[in-house]
Each structure stands twice: as structure tokens, then as C-alpha cells.
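Protein chains: 2
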Amino acid sequence: MYRNTTCGELRISDIGKQVVLAGWVQRIRKMGGMTFVDLRDRYGITQLAFNQEVNAEVFDKANSLGREYVLQVKGTVEERYSKNKNMPTGDIEISVTELTVLNEAVTPPFTIEEDTDGGDDIRMKYRYLDLRRECVRKNLELRHKMAFEVRRYLDEQGFLEVETPVLVNSTPEGARDFVVPSRMNPGQFYALPQSPQILKQLLMVAGFDRYFQIVKCFRDEDLRADRQPEFTQIDCEMSFVEQEDILNMFEGMSRHLFKVIKGIDLPKLPRMTWADAMKYYGSDKPDTRFDMRFVELMDLLKGYGFSVFDNAAYIGGICAKGAAVYTRKQIDGLTEFVKRPQIGAKGLVYARVEADGTVKSSVDKFYAQDVLQKMKETMNAEAGDLILILSGDDAMKTRKQLSELRLEMGNQLGLRDKNKYSCLWVIDFPMYEWSDEEQRLMAMHHPFTSPKPEDIPLLDTDPASVRANAYDMVINGVEVGGGSIRIHDAQLQQKIFEILGFTPEQAQKKFGFLMNAFKYGAPPHGGLAYGLDRFVSLFAGLDSIRDCIAFPKNNQGRDVMLGAPGVIDQDQLDELQIKVDLKN
Amino acid sequence: MYRNTTCGELRISDIGKQVVLAGWVQRIRKMGGMTFVDLRDRYGITQLAFNQEVNAEVFDKANSLGREYVLQVKGTVEERYSKNKNMPTGDIEISVTELTVLNEAVTPPFTIEEDTDGGDDIRMKYRYLDLRRECVRKNLELRHKMAFEVRRYLDEQGFLEVETPVLVNSTPEGARDFVVPSRMNPGQFYALPQSPQILKQLLMVAGFDRYFQIVKCFRDEDLRADRQPEFTQIDCEMSFVEQEDILNMFEGMSRHLFKVIKGIDLPKLPRMTWADAMKYYGSDKPDTRFDMRFVELMDLLKGYGFSVFDNAAYIGGICAKGAAVYTRKQIDGLTEFVKRPQIGAKGLVYARVEADGTVKSSVDKFYAQDVLQKMKETMNAEAGDLILILSGDDAMKTRKQLSELRLEMGNQLGLRDKNKYSCLWVIDFPMYEWSDEEQRLMAMHHPFTSPKPEDIPLLDTDPASVRANAYDMVINGVEVGGGSIRIHDAQLQQKIFEILGFTPEQAQKKFGFLMNAFKYGAPPHGGLAYGLDRFVSLFAGLDSIRDCIAFPKNNQGRDVMLGAPGVIDQDQLDELQIKVDLKN
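Taken in order, these protein sequences are the chains called A and B. Under the working numbering, the residue at position 530 of the first sequence is numbered 564, and the numbers go up by one with no gaps. Under the working numbering, the residue at position 420 of the second sequence is numbered 454, and the numbers go up by one with no gaps.
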């Protein structure tokens with residue numbers, strides 16, 4: 035061992051000890067006859083002191099060091115003259131008697147500090163240096179700890195972690211697969227799994243009862259900001275359970291994580307139906323750290339000659355507490371915000387509640403004060419509040435616009451504190467959603483999702499209104515997990531396929547494999563999957579999942595550090611019996 | 035929940051309890067007015083009793099059940115009339131009052147029993163039914179437990195599990211890569227990792243200090259019996275360590291596993307140099323469950339006119355205790371065994387030690403009794419033993435042949451008990467081995483392996499004799515893990531590349547990426563990787579790693595259950611801008 039202690043653990047009580055440390059040079063300060071070096075390792079930083087009078091040779095050596103040199107030092111723990119209260123080892127320093135340079139270092143392309151001067155691109159190219167920064171490494175330490183605690187909890191609950199294969203077959207419905215040409219089976223391809231959905235259901239057929247896996251999944255999609263082509267799921271499935279059992283089990287897991295990692299006692303999670311989430315928040319993943327619920331104003335504001343409202347299919351408002359102080363310019367900013375093409379509202383109506391309780395709105399010429407007062411009351415608004423109203427001819431679209439406005443107001447009013455957590459279950463998702471593109475009902479979750487038993491009669495009469503035994507766990511407006519109870523009854527499954535527009539032949543072709551397995555005795559089962567990357571990001575208070583991934587890919591799916599993907603040899607292509615066939 | 039207890043937990047103390055159970059029908063026995071059904075779940079089997087007189091309706095229902103039907107039953111725990119001492123629940127049965135068929139089952143293609151009538155192929159095709167067999171499921175339960183205990187131990191030792199990417203780049207030197215065409219980067223390919231070797235070394239450069247990962251690795255090789263295209267490694271790396279630190283750390287991990295999983299207190303592991311392993315066992319992974327060491331007989335048996343021996347570069351014998359009783363036919367069988375092309379010996383010389391101590395050999399006409407007696411002494415042979423001797427003109431090849439013979443004798447004499455474990459470290463591997471094919475020295479481990487410091491001068495004079503800081507953990511003749519201390523010094527690395535025959539340009543092209551990273555301050559580091567599949571197989575006493583993998587592939591790399599790999603759509607190929615280009 036090159037050391038007998040680490041750079042994070044020496045304290046005032048260790049004074050006088052002979053120690054051996056190893057680590058990297060964080061900083062060098064030369065002060066005449068004294069030179070101070072901050073030595074860094076994973077565990078912290080310890081100050082090394084070199085005194086010209088005490089040991090001129092070692093002092094000279096110290097003065098020739100550079101940033102990020104790798105050192106081994108021997109010396110004595112001494113009390114510092116000027117203590118640093120900001121670091122755990124700030125009371126002591128090492129009076130160095132022996133200095134060995136284990137490796138020199140060329141100057142890094144950016145500073146290895148909390149506030150680095152390196153931009154995103156260069157930090158990704160030299161990710162192994164970026165990872166030296168404590169703020170980055172901490173995220174990966176957190177990730178390790180969360181994954182370990184997930185395993186500990188699930189192991190204690192009798193779950194078995196079963197590894198499912200990475201080289202599988204192309205799956206029906208869903209995103210695009212990554213594929214892998216098979217050399218031994220020329221002309222054939224493996225696919226990388228988008229999720230182990232079918233395999234975990236097969237494990238239930240196999241009687242495995244409680245399965246989980248922390249597993250890499252792959253989707254070849256065009257990458258948005260917070261997507262990675264490979265990502266990690268906490269994938270879970272249970273047999274002989276109903277929805278209530280799953281919710282309780284995984285609420286318990288989340289409670290365990292919050293307690294052990296964040297020291298937070300999570301209250302019993304509220305449950306919100308999908309219908310209420312859409313009605314009050316315009317989103318199936320409402321950020322409930324703050325209230326600002328939607329209030330529908332159709333009855334109240336129609337019929338006064340304001341044609342925008344009179345013709346609207348939906349009018350809804352939110353009450354921004356204390357925001358009556360907003361200037362005209364700020365409100366214009368909000369109007370521009372909702373009119374951006376990504377949001378697409380036509381305009382924004384506002385109403386200030388003045389100090390005297392009167393309401394001053396942007397549509398005063400259509401509404402008398404008594405109507406505005408009624409609105410104030412309905413909105414639960416008080417003096418000093420700002421009411422913001424959107425309307426539109428498509429209720430769902432307008433709600434989504436209002437949801438964006440609500441989140442923006444939450445940001446502006448500082449209501450979305452990263453250190454505050456608000457968790458809930460969103461339940462009773464619809465079974466189907468209409469696809470304009472496909473001109474048919476599509477499965478909202480996936481085609482094996484079970485309808486709520488009491489809604490089964492509606493399958494014949496009004497399938498679009500059928501609710502599913504499907505659920506999402508939402509934390510701070512982020513869907514961290516979701517799943518469903520699966521259909522285990524072959525006849526019901528057949529009916530669901532019919533509603534989705536599959537002929538029995540098509541259903542057999544697409545899903546026959548799983549349906550055949552079910553013939554051998556499938557238990558009632560259900561499960562869910564968490565996105566580990568998102569879960570860790572939330573706990574770390576990160577804006578992007580990228581920062582909790584050791585070696586992430588960029589928006590072009592490239593690992594700029596490794597230089598992947600890359601061109602491969604003709605020999606390799608020949609062996610695989612494939613050809614590159616560029617279109618232009 | 036469909037149950038309030040499982041099929042494995044009810045005991046005589048539970049008599050009188052009302053219970054709800056769910057599971058699969060294992061067996062039905064109809065005995066006049068009584069029908070007995072064995073209900074199975076992951077936790078065990080519980081007998082259900084149906085009495086025509088007590089409840090005719092439920093009795094009739096029970097008589098219409100079939101094998102593998104999925105049931106939910108309610109009833110009372112009662113003491114059995116005829117107890118079954120062979121099962122934990124054998125004292126009780128459930129007098130069933132309510133029976134619900136949760137799912138019917140068609141007759142499975144093989145019996146779901148310990149001794150199934152299903153052959154390998156059909157069991158793999160219906161792996162989800164094969165996994166219902168307790169003997170198969172137990173292996174996966176063991177795998178879960180081992181992986182969890184590995185994580186627990188390493189977490190306690192301060193290791194961080196860091197996920198490295200699956201979509202990486204093609205690596206130099208090594209086996210064939212699986213590749214993944216990139217749609218977003220047409221004409222370019224990712225590779226699946228053969229191991230995270232480079233990434234874990236980068237994590238050391240990043241200061242991660244103690245890394246591990248239980249991780250899927252991929253090799254596109256022609257598959258031998260015990261190889262899978264995807265396999266799982268326990269991959270580990272540490273900084274600021276020497277070989278001794280690594281050996282101690284992972285000996286500790288193995289000790290933890292043996293203790294927690296098998297209840298075995300592992301003694302301090304013996305260490306054997308590679309040279310001794312080759313000398314005494316003719317193998318770098320000796321099975322030390324039994325002794326039967328090689329004894330070199332060159333001095334003793336040369337010069338008596340037996341030209342086979344006189345011209346041999348190596349003559350070595352093993353002493354098979356008590357095998358003098360072998361018949362001529364049995365010995366002929368051994369001769370045939372060593373002459374098989376896979377082994378390739380020219381013949382076998384044997385010598386029996388008779389009850390009176392005289393030695394009777396197959397080469398009596400060349401050797402007088404006093405020479406044979408000297409040999410007996412050298413071999414430590416006693417009355418009743420059988421001495422088996424091989425010779426050849428290539429010492430290494432002959433040793434390997436003798437090793438095969440030794441293992442075969444171990445099998446025949448029952449010395450390779452699967453319930454006995456003999457673990458050791460093999461150390462001091464050579465840095466290089468000569469490749470006839472390439473006509474150059476090749477790295478035995480990999481080109482980043484550090485030479486033993488005391489052998490560094492030999493790099494200039496006799497590189498072939500340089501020993502490496504490389505080590506394997508061997509259990510029962512299986513290499514379960516191996517690794518090395520890495521080179522962190524750029525100049526030494528340069529010299530190693532030269533000896534391997536790389537010009538500086540070639541070295542830069544092949545390994546430049548890692549060498550550049552090292553310029554920023556690489557710590558001394560080293561590590562190792564265990565094969566999890568092999569480790570579990572050993573603990574489970576399996577002949578093949580396949581049985582501890584949930585969904586393994588066959589020798590053609592196919593998953594016959596999923597039907598992977600398969601043909602993909604032309605659309606997919608077009609999007610990827612590749613073409614299948616079959617050679618015939």
C-alpha cells in the first residue's frame with residue numbers, strides 16, 4: 035500500500051502521528067521559506083507543509099511540483115498555524131519529511147475545481163479529468179449508494195435479481211432498436227433490449243414471484259436534452275399481486291431511499307388520478323412542490339362578449355401568490371413565454387388583485403368588477419395576487435399550455451426548491467389514447483396493461499374511457515417510475531388486441547411468443563420500472579441526467595472521450611457479411 | 035394480494051389457521067373420495083386436500099384440474115394423516131373450502147420435476163417452464179445471493195460501483211468485438227465491451243480509488259462448451275496498491291462468500307508460482323483438491339536404451355494411489371485417452387507397485403528392478419499404487435498432456451468431489467509468451483501489465499524470462515478470477531511496447547488514448563476480474579455455466595426461446611445505411 039491514511043481523515047487528535055499519504059496536487063502556494071501543497075484524493079484534501087529551514091532538499095523538490103502531479107509523502111501530523119474551518123482536515127497539516135513523485139502530469143486543459151473554466155465539450159473529451167472534480171464524483175458516489183440501497187431493500191423483501199440477456203430479438207411496438215449483426219448467423223441480427231419487459235413477464239410465468247434487476251436499456255431515438263441512448267432502469271415485477279400491493283412495496287422502497295440517503299421521512303404518498311392531474315395541473319407528472327392549481331372559469335367568464343373566451347373550449351386560471359407586483363414588462367414576458375411555438379398559446383389574460391381588493395384585469399372592458407370579484411373568490415385570490423388565464427379551442431392542449439405557465443411561475447417565484455421533495459402516485463391512467471397519425475386507439479402504457487376490473491364492461495361500449503391499472507411515481511414534476519398490472523387472461527388480452535386494431539393473425543405475429551408462454555399457466559402479475567438516472571439526478575439536484583453518468587454520450591450519440599462510434603475494418607464487415615451503404 | 039402465506043412456510047404450529055395460498059398444480063392424486071393436490075410456488079410445495087363428503091362442489095372442481103394450472107385456494111391448515119418427512123411442509127395439509135382457477139394450463143412439453151423427461155433442446159426452447167424446476171431456480175437464487183454478497187463486501191470496503199457504457203469503441207488486441215451500427219453516425223459502429231479494462235483504468239486516473247462493477251461483457255468467439263457470447267464479470271480496480279494489497283482484499287471477498295453462502299471457513303489461500311504450477315501440475319489452474327503432483331524422471335530414466343525416453347525433452351510421472359488394481363483394459367483405456375488428438379501423447383508408460391513392493395512396468399525390458407525401485411522411491415509410491423509416465427520432445431506440451439491424465443485419474447479415483455473446495459493464488463505469471471503464429475512475444479495478460487520490479491533489468495537481456503505482477507485465483511482447477519498490477523510509468527510502458535514489437539507510431543495508434551490519459555497523472559493501480567458465471571457454477575456444483583444463466587444461448591449463439599438473432603426489416607437496414615452481403 036502506498037499510504038497508511040487518506041487525505042480526508044486526519045484531525046487534531048492525530049497530531050504527532052507519522053503518516054504516509056498519496057494523492058494529486060490540487061494547489062501549490064509558495065510563501066518565501068514555506069511552501070504549502072494541497073494534496074487531494076477521493077476522500078478529501080490535506081495540506082502539506084514544506085519548510086526550507088527544516089528540510090531544504092524536500093522543500094526544493096516541492097517547489098518543482100506541478101498541478102495534478104501524483105505524490106507519495108511521509109511526514110508528521112502537526113497543528114496548523116492558521117486553521118481552515120471550511121474543510122474537515124483544516125486543523126492540521128503534514129510536515130513532510132519524504133516526497134516521492136509517483137507520476138508527473140502535464141497541465142490539464144481545465145482547472146480541477148468546483149467552478150471549472152472548462153466548457154461542456156472539453157470536459158466531456160477529458161471526462162477522466164472532469165471526474166476528478168468533487169462535485170462530479172459526488173454524483174457517482176450517490177448513484178452507487180442509491181443502487182446499493184435499492185438492492186438491499188429489495189433483497190430484504192425477497193426479490194431476486196435476475197440478469198436478462200443483452201443480445202435479444204427485435205421487439206414489436208416501441209422505439210427503434212439498436213441491432214447487432216450475428217457473425218455466426220449471417221444475415222441475422224440481435225437487438226439490444228429497450229427494456230426486459232417480456233423477459234420479466236416470462237420470469238413470472240416461471241414462478242420467480244419477485245424479480246428485479248438494475249439493468250441497462252437501449253433506445254435508438256433522436257436524442258433530446260435529457261435522453262441517453264443507453265440508460266439504466268430499476269426493473270421490477272411481482273406475482274399474485276394487485277395494484278395496491280405494488281404501490282405499497284415501492285412506496286416502501288422510495289421511503290427507504292429517502293430515509294437512508296437524504297435523511298428524510300417521506301410521508302404516505304398522496305394518490306392522484308390521471309384525470310385530476312390533468313384537470314388541476316395539466317400534466318400527468320404534476321410538480322406538487324407548490325400548489326397553484328388550475329381553476330376552471332368557463333361558467334364564470336363566458337357570455338360577456340369577449341369572443342376569445344366565448345368561443346373557447348377551455349378557460350382556466352392560476353393564482354400566483356404575491357405576484358401583483360409584476361410590472362407590465364414582466365407580464366409581457368409571460369405573454370411571450372406562452373406564445374413561443376413550443377407552447378403555442380394565442381395570448382394571456384391577467385388580473386391583478388390590488389391592495390384594496392379590487393381587481394384590475396387586461397380585459398376590463400368586457401368584465402364588470404362584480405364578475406371579476408366573483409372570479410377572485412373562485413380563484414381564492416387575495417390582495418397582492420396575480421391571476422393568469424389561458425383559453426383555447428382544445429381543452430387538453432390549453433391545459434398543457436397552462437401547465438407550462440404554472441411551472442414557469444413556480445420557477446420565477448422560487449417555489450421549485452431542489453432541496454424540497456414532493457412525491458405522489460398518479461393512478462388510473464387511461465388504457466388508450468387516440469393517435470391522429472395512426473387513426474386508431476393506441477395503448478397508452480403497453481398492450482399487456484390490465485384495465486381496471488370495474489371498467490371492463492366499457493371495453494365494448496366506450497373503450498376510450500376505460501381506465502388502466504397503471505401508475506406512475508412522480509417526484510417534483512418528474513416521472514421517476516411507472517408500471518402496471520398485466521393482463522394474465524388470454525381472452526381479455528385478445529379483446530384488448532382487437533380494440534387496438536390487430537387481427538388475431540397480427541396479434542399472433544407480434545405478441546404470439548408471450549401469449550403462447552401464458553398458455554402454460556401465467557399467474558396474475560404486475561410491476562414497474564424506475565429510471566435510475568432520473569432518480570439519482572433528482573436526489574443530486576441536477577438539471578441533466580448526464581451528470582450522474584460516468585461516461586455519457588452527447589446529443590449525437592457520441593462518446594467524445596472514447597471516440598465512439600467509429601469506422602471499423604473492412605475485415606470485420608466481411609466477417610459479419612454486411613456492407614456500409616451510405617445514401618449520399 | 036392473492037395469498038396470505040406461501041407454499042413453503044406452514045408447519046404443525048399453524049394448525050387451525052385460515053390461509054389463502056396461490057401457486058401451480060404440481061401433482062394430483064385421486065384416491066376415491068379424497069383428492070390431493072400438491073400446490074407449488076417459489077417457496078415450496080403444500081398439499082391441498084379435497085374431501086368429497088366435506089365439500090362435494092370443491093371436490094369436483096379439484097378433479098377437473100390439470101398439471102400447472104394456477105390456483106388460489108382458501109382453507110384450514112390441518113395435521114396430515116400420513117406425514118411426509120422429506121418436505122418442510124410435510125406435517126400439514128390444507129383442507130380447501132374455496133378454489134379459484136386463476137389460469138388454466140395446457141400440458142407442458144416436459145415434466146416440471148427434478149428428473150425431467152425433457153432434453154436440452156426442448157428445455158431451452160421452453161426455458162420459462164424449465165425455470166419452474168426447483169433445481170434450476172435454485173442456481174439463480176444462488177447467483178442473486180452471491181452477487182449481492184459481493185456488493186455488500188465491496189461496499190463495506192469503500193468500493194464504488196460505477197456503470198461503464200455498453201456502447202463503446204472497438205478495442206485493440208483481444209477477441210472479436212460485437213458491433214452496433216450507428217444510425218445517427220452512418221458508416222460508423224459502436225462495439226460492445228469485451229471488458230471495461232480501459233474504462234476502469236481511466237476511473238483510476240480520475241481518482242476513483244476503489245472501483246467495481248458486476249457487468250456484462252461480450253466476445254464474438256466461436257463458442258466452446260463453456261463459453262457464452264455474453265457473460266458477467268465482477269470487475270475491480272484499486273489505486274495506490276501493490277500486488278499484496280489486491281491479493282488480500284480479494285482473498286477477503288472470497289472468504290466472505292464461502293462463509294456466508296457455503297458456511298465454509300476458507301483457510302489462508304496458498305500461493306503457487308506459475309513456474310511451480312506448470313512444473314507440478316502442468317497447468318496454470320491446477321486442481322489442488324488432490325495431490326498427485328508431477329515428478330520429473332529425466333535423471334532417473336534416461337540412458338537405459340529406451341529410445342523414447344532417451345530422446346525425450348521431458349519425462350514425468352504421477353502416482354495414482356491404490357490404482358495398481360487397474361486391469362490391463364483400464365490401462366489401455368488410459369493409453370487411448372492420452373493418445374486422443376485433443377491430448378496428443380504418443381503413448382503411456384505405466385508401473386504397478388505390487389503387494390510385495392516390487393515394481394512391474396510396461397518397460398521392464400529396459401529397466402532393472404533397482405532402477406524401478408529408485409523410481410518408486412522418488413515417486414513416493416507404495417504397494418498398491420500405479421505410476422503413470424509420459425514423455426515427449428516438448429516439455430511444455432508433455433506437461434499439459436500429463437495434466438489431462440492427472441485430471442482424468444482424479445475423476446476415475448473420485449478425488450474431484452464437487453462439495454470440496456481447494457482455492458489458491460497462482461502468481462508470478464510470465465510477462466510474455468512466444469507466438470509461433472505471429473513470430474513474436476505476445477503479452478500473456480495484457481500490454482498494461484507491470485513486470486515484477488526485480489525483473490525489470492531482464493527486459494533488456496532476456497525479456498522472455500521476465501515475470502509479471504499478475505495473478506489468478508484458482509478454485510478446483512477453474513480460473514475464477516485474474517488480474518494484474520498495471521504499468522503507470524510512461525517510459526516503462528514504452529519499453530514494453532517495444533518488446534511486443536510495436537513502433538512508437540503503432541503503440542500510439544493502438545493505445546495512445548490511454549497513454550495520453552496517463553500523462554495527466556496516473557496513480558499506481560491494479561485490479562482483477564472474476565467470472566461470475568464460473569464462480570456461481572462452482573458454488574452450485576454445475577458442469578456448465580449455462581445452468582446458472584436465466585436465458586443462455588446455445589453453441590450457435592442462438593437464444594432458441596426468443597428466436598434471436600433474427601432477420602430484421604429492410605426499413606431498419608435502410609435507416610442504418612447498411613446492407614446484408616451474404617458471401618454464398
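For each residue, glycine too, the CB sits at the ideal point set by N, CA and C. Here the structure is a predicted model, which means the values were calculated and not measured.
Fill in: Residue-level contact to chain A via CB, B:N219, 8 Å cutoff
For B:N219, the nearest beta carbon of chain A is closer than 8 Å to its own beta carbon.
Worksheet item: Is there contact between the stretch 335–345 of chain A and the stretch 523–532 of chain A, where contact requires at least three CB pairs shorter than 8 Å?
Response: Note that the stretch 335–345 of chain A does not touch the stretch 523–532 of chain A; fewer than 3 beta-carbon pairs, one per stretch, sit closer than 8 Å.
Worksheet item: Where do the N-terminal and C-terminal ends of the beta strand (DSSP E) with A:C457 fall, by residue?
Response: Start and end: C457 to I461.
Discussion item. Once DSSP output is grouped into helix, strand and coil, what is the label at A:Y466?
Written reply: Three-state DSSP puts A:Y466 in a strand.
Worksheet entry | A:C457 burial status per 10 Å Cβ neighbour count (16 or more: buried) | Answer is buried; the Cβ neighbour count reaches 16.
Worksheet item: Do the stretch 506–525 of chain B and the stretch 306–324 of chain B meet, that is, are 3 or more Cβ pairs less than 8 Å apart?
Response: Contact holds: three or more Cβ-Cβ distances are below 8 Å.
Worksheet item: DSSP puts A:K250 in a beta bridge; with which residues?
Response: For A:K250, which the question treats as bridged, DSSP gives the partners A:T266.
Fill in: Span of the beta strand (DSSP E) around B:Y315
Judged by DSSP secondary structure, B:Y315 falls outside any beta strand (DSSP E) and instead within the alpha helix (DSSP H) spanning W308 to Y315.
Discussion item. Less than 8 Å between CB atoms is the rule here; does B:D72 satisfy it with respect to chain A?
Written reply: With 8 Å as the cut-off, B:D72 does not count as an interface residue toward chain A.
Fill in: B:Y77 versus B:G124 - alpha carbon distance
Going by the C-alpha atoms only, they are around 14 Å apart.
Practice prompt. For chain A, find out if any of its Cβ atoms is closer than 8 Å to the Cβ of B:M476; answer yes or no.
Written response: Taking Cβ atoms only, chain A never reaches closer than 8 Å to B:M476, which makes this a no.
Fill in: Completely contained alpha helix (DSSP H) runs for the stretch 525–597 of chain A, where each covers 4 or more residues
Within the stretch 525–597 of chain A, the complete alpha helix (DSSP H) segments at least 4 residues long are 538–552 and 566–574, listed from N- to C-terminus.
Worksheet item: Taking a cut of 9 Å between CB atoms, which residues from the stretch 274–296 of chain B lie near chain A?
Response: Taking 9 Å as the upper bound on Cβ-Cβ separation, chain A lies near residues F274, V275, E276, E278 and D279 of the stretch 274–296 of chain B.
Discussion item. Rounding to the nearest angstrom, what Cα-Cα distance links B:A504 and B:D404 in this structure?
Written reply: C-alpha separation (whole angstroms): 44 Å.
Worksheet entry | Residue from A:W459, A:K108, A:Y360 and A:S396 whose Cα sits closest to the Cα of A:A309 | When each option's Cα is compared against that of A:A309, the closest is A:W459.
Worksheet entry | At least 3 beta-carbon pairs within less than 8 Å: the stretch 440–448 of chain B vs the stretch 348–356 of chain B | The stretch 348–356 of chain B and the stretch 440–448 of chain B touch, with three or more beta-carbon pairs separated by less than 8 Å.
Worksheet item: Out of curiosity, what's the CA-to-CA distance linking A:Y160 and A:L174?
Response: Distance between the alpha carbons of A:Y160 and A:L174 is about 17 Å.
Worksheet item: Under three-state DSSP, which class holds B:V59?
Response: Here B:V59 carries a strand assignment [DSSP, helix/strand/coil].
Worksheet item: What's the gap between the Cα of A:L201 and the Cα of A:L233?
Response: Between the alpha carbons of A:L201 and A:L233 lies a gap of roughly 12 Å.
Practice prompt. Give the C-beta separation of A:F182 and A:R244 to the nearest angstrom, bearing in mind that I take them to be a contact with Cβ-Cβ under 8 Å.
Written response: The C-beta distance from A:F182 to A:R244 rounds to 19 Å, too long to fall under 8 Å, and the pair is not in contact.
Fill in: Unbroken stretches of the alpha helix (DSSP H), 4 residues or longer, contained in the stretch 162–201 of chain B
The qualifying runs are 168–190.
Worksheet entry | Any 3 or more C-beta pairs closer than 8 Å across the stretch 473–481 of chain B and the stretch 420–437 of chain B | Inter-segment contact for the stretch 473–481 of chain B and the stretch 420–437 of chain B is absent: fewer than three beta-carbon pairs are separated by less than 8 Å.
Worksheet item: What does A:H480 touch in chain B if you count any residue whose Cβ is under 7 Å from its own?
Response: None at all; the shortest Cβ gap to chain B is about 18 Å.
Worksheet item: If you drop the 5 nearest sequence neighbours on each side, which residues of the same chain put their C-beta closer than 6 Å to that of A:C169?
Response: Non-local beta-carbon contacts of A:C169 in its own chain, meaning distances under 6 Å to residues more than five positions away in sequence, involve E148 in chain order.
Item to complete: Figure out for me which residue from A:R253, A:Y187 and A:I377 has the closest Cα to the Cα of A:G286.
Response: Looking at the Cα atoms, A:Y187 is the closest of the given residues.
Worksheet item: If the cut is a Cβ gap below 8 Å, which residues of chain B does A:V132 touch?
Response: First, the amino acid is wrong: residue 132 of chain A is Glu here, not Val. Ordered by position in chain B, no residue passes the 8 Å Cβ test against A:E132, which lies about 16 Å from the chain.
Item to complete: Please compile the residues from chain B whose C-beta is within a distance smaller than 8 Å of the C-beta of A:T266.
Response: In chain order: E197.
Practice prompt. Could you tell me the distance, in whole angstroms, from the CA atom of A:Q473 to the CA atom of A:Y466?
Written response: Taking the straight line joining both Cα atoms gives about 12 Å.
Item to complete: Measure the CB-CB distance between A:D48 and A:V111 and report whether it falls below 8 Å.
Response: Taking 8 Å as the Cβ cut-off, A:D48 and A:V111 qualify as a contacting pair.
Worksheet item: Smallest Cα separation from B:L607: which of A:Q52, A:I612, A:A429 and A:R386?
Response: Distances from the CA of B:L607 to each of A:Q52, A:I612, A:A429 and A:R386 were compared; the closest alpha carbon is that of A:I612.
Practice prompt. Have a look at the DSSP bridge pairing and note the partners of A:N85.
Written response: A:N85 pairs with A:M68.
Discussion item. Counting C-beta neighbours from all protein chains within 10 Å, is the total for B:Q590 16 or more, i.e. buried, or is it exposed?
Written reply: When all chains shown are included, B:Q590 counts as exposed.
Discussion item. Quick check on DSSP: helix, strand or coil for A:Q222?
Written reply: Looking at A:Q222 - three-state DSSP - the assignment turns out to be coil, as it is neither helix nor strand.
Worksheet item: Does the beta carbon of A:K380 come closer than 8 Å to any beta carbon on chain B?
Response: For A:K380, the answer is no, since every Cβ of chain B falls outside 8 Å of its Cβ.
Worksheet entry | Contact set for B:R74: own chain, Cβ-Cβ below 7 Å, skip 5 residues either direction | Excluding residues within five positions, the ones whose Cβ falls inside 7 Å are C41, G57, W58 and Q60.
Fill in: Proximity to B:F334 [Cα-Cα], best of B:P142, B:I62, B:K410 and B:E127
According to the sequence as given, residue 334 of chain B is Leu; it is not Phe. Between B:L334 and the set B:P142, B:I62, B:K410 and B:E127, the nearest pair of CA atoms involves B:K410.
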